[in-house]
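Inspection log for the structure reproduced underneath, given as C-alpha cells.
Residue numbers (our numbering), protein chains in the order written: chain A, 26 to 345; chain B, 26 to 345.
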C-alpha cells in the first residue's frame, strides 16, 4: 500500500470512531466538544500510533483504535484551548469553538475532550500494565504540550530566541504528542524497551520536522494553498527556524513586518534563498528525520516499517 | 481521634506532598500552576479518599497518598478554570491565576494540574487493575464536572430552574468529585463492589449536601465569616435550593436584587424563615446525608467508619 492510501484508510477508521462517539452530541457542551473534532483533519497522530503498533506486532492496531482516538482527542483539546489564547476565529474551515460559542464553553469543551482521551486510552484492548503505562505517558505528554504552548507565547515578546530554544519549544509543543503517539502504540502492542525508545525518538523527530516544514510552507506555499495567509510569520515577526536562521546570518527582516504583497513575498523568499536560509532550514528538517529513521533498523522489516519511514519522508516533503 | 484533628492531620499530609512536588516550581507556568494549590484549602476531598480507603482496609491510605493529591489537583484545576469563566479576581485570600497572570496562563496552569492528577493516580501503590479503574473513574468524573459547570452557567440566564435541575447540576459540579474521592479510595484499597457502590453514593451525598450548606452559609453566616459578601446569591438572583424553594412557595425575592444592607439581609432571612424555606432546605441537606450514611452499615465498624459518618455530619453542620 502507498502511504497516501494508508493515511486515507487510517483517517477513515478514526473518522468512523469519531462519528460513533461524537456524531450525535447531546447538549450544548457536547456539541461544542464535537465541533472541531468532526470538522475533519488528517488524523496523522492516530496514523502514526497505528503504524507503530503494527510495526511491533502485526495487526495489533485494530485492538488499539480507542487509543488512536485518544491521541486525536488530545490534539483537538490543545487546538481548542490554543484558539482561545490566540483569539483565533477560524480553523479547518469552520469557526473556532471560542468564536462560535464563547471562551467559557471553549475552555470546558477542551477539558471534556481531554477527559475522554483518558477514558479511551483505558478502553483499548491491551494488558492492564501497558494501558496504565500509556495513561502515564499521555499525562506527561500533556504537561509538555502546555509548557510548549507557554514557551511559544513567551517567544512572541522576544526577538532574541535562539535556534536551541526554538527547537526545545517545538519538541514540547508539537514533537511530544507525535512522540507519544508512536511510543504509546508501541507500548500497547507489547514492544520491547529498545523498540519503545526508538519509536519515541522517531515520533519526536517527525513532530519537530512537521513544525519546521509548516514554517517553510507558511512562506513558500503558493497563496491560498496553506490555509494561512502567505508569509504571516514574517509579517508578524514571529520566531521560527527561518527567521532565527536569517537573524543569525545578519539578514534584517524588519522591513517586512507589515501585510505583504505577493511581490514582497517573492522578494523575501529570494533574499532568504540567496543567503542559503531556506536550504539550511530544509536541510535541518530532513536531517532530523533521516537520523531518527536510521534508528528504526532495530524493528523487523515489514510493510508498516516501510510506511513509517515513508511517513517521516512525507513530513518533510509535503507542500513545499 | 476527633474529626477536627483527623482533618488537620489529613491536610498536613496533603500539604507536605504539595510542598514536595509544587513547592519549588521552575518556570512561570509551573509557578502559576502551583499558586492556588499552595494557597491553602481544607483538602476535604483527599481526606474523604483517605478515610474511605482506611475504612475498607486499615492503613491503606498511606500507600495511596499520590491519589489523594490527584483529587486535590483535579479540584484545583477546576477552580482555576472556573475563575477564568467567572472573571473572579480573588480566591483563598490570594489573586486568582487569571488575575495575577492572565487568561492564557490560567488555562494552561489548569491543564497542567489536570495532567499531573493522572500522573499521580498512576503513581499510587495499588494493583494495576485498580489504578487503571481509578484513572477511568477520574476521567469520567472530570467529564461530569465540566457538564456541571456548564449547566451552572446556563442557569444564570434562567429564572425557572427547578429543584430537580438544580440538584442534577450540583451532583455533577460538586457531588461527582466527592463521589470519585470516596470510590477511588475504595477501589485502590481493594474494596468489594458493594463497598465501592455505597462509598460512591456516600461521597456524592456529601458533595451535594456540602453545596447546599454553602448556599445556606452565603445567606446565614455573619458578615465577614464566609469569605463572600453576605447574601450574594439573593442579590445576584442566582438559582440555589433556597431561591428555588422560595419561588415555589410564591415568595418574591426580586426586591432584594441589589447590594444588601445588614438589615435587608435580616429581612430576607426572616421572610424565608417565616415561610419555612430555611428549615426545608436544611432538612433536605440533612436528609441526603442521613440516607447515604445509612448505606455505610455494610462497612465493618472501625474508627475510620465513625469518622466518615462524622464527616457527613460536619458537611451539613459547618458554619450555620
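Cβ coordinates follow ideal geometry from the N, Cα and C atoms, glycine included.
Check	Outcome
In chain order, what residues of the same chain lie with their CB nearer than 8 Å to the CB of residue 258 of chain B, ignoring the 5 residues before and after it?	240, 243, 244, 265, 267, 268
Below 8 Å between beta carbons: does that hold for residue 164 of chain A and residue 47 of chain B?	no
By a C-beta neighbour count over all protein chains shown, 10 Å radius and 16 as the cutoff for buried, is residue 282 of chain B buried or exposed?	exposed
Indicate whether at least one CB of chain A lies closer than 8 Å to the CB of residue 106 of chain B.	yes
Just list the beta strand (DSSP E) runs in the segment 248-283 of chain A, keeping only unbroken ones of 3 residues or longer that don't cross its boundaries, in chain order.	none
Near residue 102 of chain A, what residues of its chain come up, given a Cβ to Cβ distance below 6 Å and the 5 sequence neighbours on each side ignored?	135, 138, 139
Could you check if residue 26 of chain B is buried or exposed, using at least 16 other CB atoms within 10 Å of its CB as the buried criterion?	exposed
Note down the Cα distance separating residue 99 of chain B from residue 50 of chain B, rounded to an integer number of angstroms.	18 Å
Pop quiz: residue 97 of chain B and residue 39 of chain B are said to be a contact at Cβ under 8 Å. What is the actual Cβ separation, rounded to whole angstroms?	6 Å
Can you tell me which residues form a DSSP beta bridge with residue 116 of chain A?	A:119
Assuming residue 35 of chain A and residue 70 of chain A make a contact with CB atoms under 8 Å, what is their CB distance in whole Å?	Residue 35 of chain A to residue 70 of chain A, Cβ: 10 Å. No contact.
Quick one: grab the DSSP three-state call for residue 216 of chain B.	coil
How should residue 277 of chain A be labelled, buried or exposed, when 16 other C-beta atoms within 10 angstroms of its C-beta is the threshold for buried?	exposed
Would the beta-carbon of residue 77 of chain A fall within 8 Å of that of residue 161 of chain A?	no
Starting from the N-terminal side, write out each stretch of the alpha helix (DSSP H) that is 4 residues or longer and does not extend beyond the segment 284-328 of chain A.	287-299, 302-320
Could one say the Cβ of residue 139 of chain B lies closer than 8 Å to chain A's Cβ atoms, at least one of them?	yes
Going by the beta-carbon positions, is the gap between residue 151 of chain A and residue 89 of chain A smaller than 8 Å?	yes
Which same chain residues, not among the five before or five after residue 261 of chain A, have their C-beta less than 8 Å away from its C-beta?	282
Of the residues that make up the segment 149-174 of chain A, which ones have a beta carbon closer than 7 Å to any beta carbon in chain B?	153, 154, 156, 157, 160, 161, 164, 165, 167, 168, 171, 172, 174
Could you tell me how far apart the beta carbons of residue 133 of chain B and residue 223 of chain B are, in whole angstroms, since I believe they sit closer than 8 Å?	That pair is no contact at about 38 Å.
With a threshold of 7 Å on Cβ separation, who are the neighbours of residue 80 of chain B within its own chain once the five nearest residues in sequence on each side are excluded?	324, 327, 329, 330, 333
Please decide whether residue 129 of chain B counts as near chain A, where near means a Cβ-Cβ distance under 8 Å.	yes
Can residue 159 of chain B and residue 92 of chain B be called in contact, C-beta distance under 8 Å?	yes
Could you tell me whether the Cβ of residue 194 of chain B comes closer than 8 Å to any Cβ of chain A?	no
Residues in the segment 212-241 of chain A with C-beta within 8 Å of chain C's C-beta atoms, listed in sequence order?	Considering every chain present, this structure includes no chain C. Its protein chains are A and B.
Helix, strand or coil: how does DSSP classify residue 55 of chain B here?	helix
Nearest CA to the CA of residue 280 of chain B: which residue from B:290, B:301, B:342?	B:290
So, helix, strand or coil for residue 162 of chain B, using DSSP?	helix
Would you mind sorting residue 273 of chain B into buried or exposed? The rule is 16 or more other CB atoms within 10 Å of its CB.	exposed
Can you pull the chain B neighbours of residue 143 of chain A, defined as C-beta to C-beta under 7 Å?	143, 160, 164
Could you check how far apart the C-beta atoms of residue 238 of chain B and residue 343 of chain B are, in whole angstroms? I think they sit under 8 Å.	6 Å
Using the Cβ count rule (16 or more neighbours within 10 Å means buried), how would you classify residue 65 of chain A?	exposed
At the level of alpha carbons, what is the spacing between residue 340 of chain A and residue 153 of chain B?	37 Å
In the DSSP assignment, find the unbroken alpha helix (DSSP H) run with residue 89 of chain A in it and report its ends.	Looking at the DSSP string, residue 89 of chain A is not in any alpha helix (DSSP H), and its letter there is neither H nor E.
Check the Cβ-Cβ distances between residue 136 of chain A and every residue of chain B, and say whether any is below 8 Å.	yes
Looking at the secondary structure, which residues open and close the alpha helix (DSSP H) in which residue 70 of chain A lies?	69-81
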